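Q:
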Amino acid sequence: MIEEKSLNFLEEIVEEDLKSGKYASIHTRFPPEPNGYLHIGHAKSICLNFGLADKYGGKTNLRFDDTNPVTEDTEYVDSIQEDIAWLGFHWDNVFYASDYFDQLYQFAVELIRKGLAYVDDSTAEEIAASKGTPTIPGTPTPYRSRTIEENLKLFEEMKNGMYKDGEKVLRAKVDLASPNMHMRDPIMYRIKHAHHHRTGDKWCIYPMYDFAHGQSDSIEKITHSICTLEFEVHRPLYDWFIAQLNIYPSHQYEFARLNLNYTVMSKRKLLQLVNEKYVDGWDDPRMPTISGLRRRGYTPASIRNFAERIGVQRRENIIDVGLLEFCVREDLNKTALRRMAVLDPVKLVITNYPENSFEELEGENNPEAPDHGGFRKLPFGRELWIEKEDFMEIPMKKWFRLAPGAMVRLKNAYIIKCEQFEKDADGNITEIHCTYIPESRSGHDTSGINVKGTIHWVSAAHAIKAEVRLYDRLFKLENPAAEEDFKQSINPGSLQIITGAYLEPALAEANQDESYQFIRKGYFCLDKKLSQPGKPIFNRTVTLKDNWKKD
Ligand code: ATP
Ligand code: MG
8 MIEEKSLNFL EEIVEEDLKS GKYASIHTRF PPEPNGYLHI GHAKSICLNF
58 GLADKYGGKT NLRFDDTNPV TEDTEYVDSI QEDIAWLGFH WDNVFYASDY
108 FDQLYQFAVE LIRKGLAYVD DSTAEEIAAS KGTPTIPGTP TPYRSRTIEE
158 NLKLFEEMKN GMYKDGEKVL RAKVDLASPN MHMRDPIMYR IKHAHHHRTG
208 DKWCIYPMYD FAHGQSDSIE KITHSICTLE FEVHRPLYDW FIAQLNIYPS
258 HQYEFARLNL NYTVMSKRKL LQLVNEKYVD GWDDPRMPTI SGLRRRGYTP
308 ASIRNFAERI GVQRRENIID VGLLEFCVRE DLNKTALRRM AVLDPVKLVI
358 TNYPENSFEE LEGENNPEAP DHGGFRKLPF GRELWIEKED FMEIPMKKWF
408 RLAPGAMVRL KNAYIIKCEQ FEKDADGNIT EIHCTYIPES RSGHDTSGIN
458 VKGTIHWVSA AHAIKAEVRL YDRLFKLENP AAEEDFKQSI NPGSLQIITG
508 AYLEPALAEA NQDESYQFIR KGYFCLDKKL SQPGKPIFNR TVTLKDNWKK
558 D
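Take a look at the structure:
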């Protein structure tokens, strides 16, 4: 029996709407404000909006919600498009809320003509005070009774730049006694003498979110306008504007935003991290941004899969970042090329291997691939680099790696036996001397010897030197945003830079778009921003196992 995956609540709504003939096809939109880079929370919204349209043969618009000229920028517009395309989604149209400024102005005039909007000269404080409280109704300001003619004239003067910022606003005349504070004569337009990234200096009045969003949805004939739960209380207003203007009835549906532990996800906070140089830009590999995750080595498939697994709910919760890591590990395990890299090297000399003599061994590129992904050459010789941590002078119980007198297998190579070692004055191990068993070559082993441990290595004569960057969570606390100052809980050890790692020579041809499993060390990729020819820098995407200690 094939088990069908149950539908999420939005899919249920869409299926019902298609079945009942309410819509012949659906039309969604993704509406980012271009005031920062997209983060993993946006990825959830992207997967949802584009995913619904893909699944039900509908369309999705990309709409930049650019109604606030002060914080918006074309750099963000470009990065948003790049990130959505990288995630693997295609928009049917790209629009800007600012494309609709003329139309929105006409809508506002229409509401004034209907006696449903008025110009208010009160200050922000006066308006707030007159709004009342959820249990006490608001009181009208002296300007609420202005005539339609007066309102038309004043609104036009606002548009023509006759007033300073904050001097006047346009408010909808809804219901000052509504239990929903958003219905108590919300502001539709404010004065802002600011340059807009697209409309330049044409406008000095800008519509508020509530007056721009629903009307933009309606202009584009969006059928299902999906947003996060905090907008649920705005829905009556969304519907009110559409009803009063008698325009295409788009509908708003809300779902719970994605919250992830050990990070922050508001663009305002992420911008602070960038501006105050806690991180190396929006695409720092520790950032929860799409561009950061990409630079870290996350794949689009792993992020889409993550969004699928967390699903769509109506209730807020916090998702463990371990799930995101699980998803990328699962994907990379199938695709990453296996390579050897020694991050903390110590010299190992095989004393019974001839000097200045080398042989070529082989290692499989990917044991998960049907044909093992083919093989790469692994030069082997008398002097190797191995990890310091793979040797213990006085081995603990159940130690299956190198120790005086102990035997291990070198991955894809021979069994070796540790004969002696050298130390410097401070007690650091400087060189390990071993003998190898010539009959024990991997794949051709006739030695009859069984060893329990296998360690990785690189040939000292062939190794390439590289910088390797290991990342830990950017914050020490699960919910840094709940702190008074979220920056106080930044993890000082979130970036560890290793300058003297040794990599096997096949990594000299490492490709920017490829992921590599450094055997026993995790999944890595070339840093696209900082690597230079002959000077590779590798980022660790994720460890092989979940080894996060909650202390
Ligand atoms: P932030 O609070 O991070 O600044 P925002 O909501 O202001 O985010 P927008 O650019 O307005 O950012 O968001 C575009 C779309 O992405 C909106 O529909 C919004 O609801 C959705 N979105 C934003 N953050 C999340 C999140 N954490 N989880 C799911 N969807 C989100
Ligand atoms: Mg927003």
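Residue numbers (the working numbering): 8 to 558.
Even for Gly, the Cβ is constructed at its ideal location relative to N, Cα and C.
Values in this document were obtained by computation on a predicted structure and should not be read as measured data.
Measure the C-alpha to C-alpha separation of residue 356 and residue 443 and round it to an integer number of angstroms.
A: Reading the sequence shown from its first residue, position 349 is the one you call residue 356. Reading the sequence shown from its first residue, position 436 is the one you call residue 443. Rounded to the nearest angstrom, the two C-alpha atoms are 10 Å apart.
Q: Flag residue 59 as yes when its Cβ comes closer than 7 Å to any non-hydrogen atom of ligand 1, and as no otherwise.
A: Here residue 59 corresponds to residue number 52 of the sequence shown, with the count starting at 1. Checking every heavy atom of ligand 1 against the Cβ of residue 59, none is found closer than 7 Å.
Q: Hey, could you find the ends of the beta strand (DSSP E) residue 27 is sitting in?
A: By 1-based counting over the sequence shown, the position of residue 27 is 20. Segment: none, residue 27 is in no beta strand (DSSP E) and carries neither H nor E.
Q: For residue 75, count neighbouring Cβ atoms within 10 angstroms of its own Cβ and tell me buried if that reaches 16, exposed if not.
A: Along the sequence shown, one-based indexing puts residue 75 at 68. Under this definition residue 75 is a buried residue.
Q: Let me make sure I understand the geometry here. Which of 503, 38, 460, 90 has the alpha-carbon closest to that of residue 290?
A: Here residue 290 refers to the residue found at position 283 when the sequence shown is read from its first residue. Residue 290 has its Cα closest to that of 90, out of 503, 38, 460, 90.
Q: Taking contact to mean at least 3 C-beta pairs separated by less than 8 Å, is the stretch 43 to 52 in contact with the stretch 269 to 277?
A: yes
Q: Between the Cα of residue 399 and those of 489, 426, 130, 184, spot the shortest distance and give me the residue it belongs to.
A: Reading the sequence shown from its first residue, position 392 is the one you call residue 399. The residue among 489, 426, 130, 184 with its C-alpha nearest the C-alpha of residue 399 is 426.
Q: List the DSSP bridge partners of residue 127.
A: Taking the first residue of the sequence shown as 1, we reach residue 127 at position 120. For residue 127, which the question treats as bridged, DSSP gives the partners 176.
Q: When you compare the stretch 26 to 42 with the stretch 224 to 244, are there three or more beta-carbon pairs, one atom per stretch, that lie closer than 8 Å?
A: yes
Q: Determine which residues share a DSSP beta bridge with residue 259 and list them.
A: As a working mapping, residue 259 is identified with position 252 in the sequence shown. Residue 259 pairs with 232.
Q: Check whether the stretch 458 to 478 touches the stretch 496 to 515, taking contact to mean three or more Cβ pairs, one atom from each stretch, closer than 8 Å.
A: yes
Q: Starting from residue 302, trace the alpha helix (DSSP H) both ways and give me its first and last residue.
A: The residue you call residue 302 lines up with position 295 of the sequence shown. 297 to 303 is the span of the alpha helix (DSSP H), which, as asked, contains residue 302.
Q: Starting from residue 54, trace the beta strand (DSSP E) both ways and give me its first and last residue.
A: Here residue 54 refers to the residue found at position 47 when the sequence shown is read from its first residue. That residue, residue 54, is in no beta strand (DSSP E); its alpha helix (DSSP H) goes 47 to 62.
Q: Kindly examine ligand 1 and report whether one of its heavy atoms sits closer than 7 Å to the Cβ of residue 234.
A: Here the question's residue 234 lines up with position 227 in the sequence shown. Yes.
Q: Give every residue of the same chain whose Cβ lies closer than 7 Å to the Cβ of residue 519, excluding the five residues on either side of it in the sequence, and list them in chain order.
A: Locating residue 519 in the sequence shown gives position 512, where the first residue counts as 1. Residues 533, 535 of the same chain have their beta carbon placed closer than 7 Å to that of residue 519, with the five preceding and five following residues left out of the count.
Q: Pull up the DSSP beta-bridge partners for residue 349, would you.
A: Stepping through the sequence shown from its first residue, residue 349 is reached at position 342. BP columns for residue 349 point to 509.
Q: Does at least one heavy atom of ligand 1 sit under 7 Å from the Cβ of residue 220?
A: If you number the sequence shown from 1, residue 220 lands on position 213. False, no ligand heavy atom lies under 7 Å from that Cβ.
Q: What does a CB cutoff of less than 7 Å around residue 327 pick up in its chain, not counting 5 residues either side in sequence?
A: Numbered from its first residue, the sequence shown carries residue 327 at position 320. Same-chain partners within the cutoff: 268.
Q: Does DSSP classify residue 333 as helix, strand or coil?
A: Position 326 of the sequence shown, counted from the first residue, corresponds to residue 333. Reduced to three states, the DSSP call for residue 333 is helix.
Q: State yes or no: is the C-beta of residue 126 within less than 8 Å of the C-beta of residue 153?
A: Taking the first residue of the sequence shown as 1, we reach residue 126 at position 119. Taking the first residue of the sequence shown as 1, we reach residue 153 at position 146. Against a cut-off of 8 Å, the Cβ pair of residue 153 and residue 126 comes out as a contact.
Q: Sorry if obvious, but does the Cβ on residue 265 come closer than 7 Å to a heavy atom of ligand 1?
A: Here residue 265 is taken as the residue at index 258 of the sequence shown, counted from 1. Yes, ligand 1 has a heavy atom inside 7 Å of this Cβ.
Q: Going by DSSP, what residue range makes up the alpha helix (DSSP H) through residue 271?
A: Here the question's residue 271 lines up with position 264 in the sequence shown. First-last for residue 271: undefined, no H or E at that position.
Q: Along the beta strand (DSSP E) that carries residue 427, what are the first and last residues, could you check?
A: Locating residue 427 in the sequence shown gives position 420, where the first residue counts as 1. Segment 422 to 430, the beta strand (DSSP E) holding residue 427.
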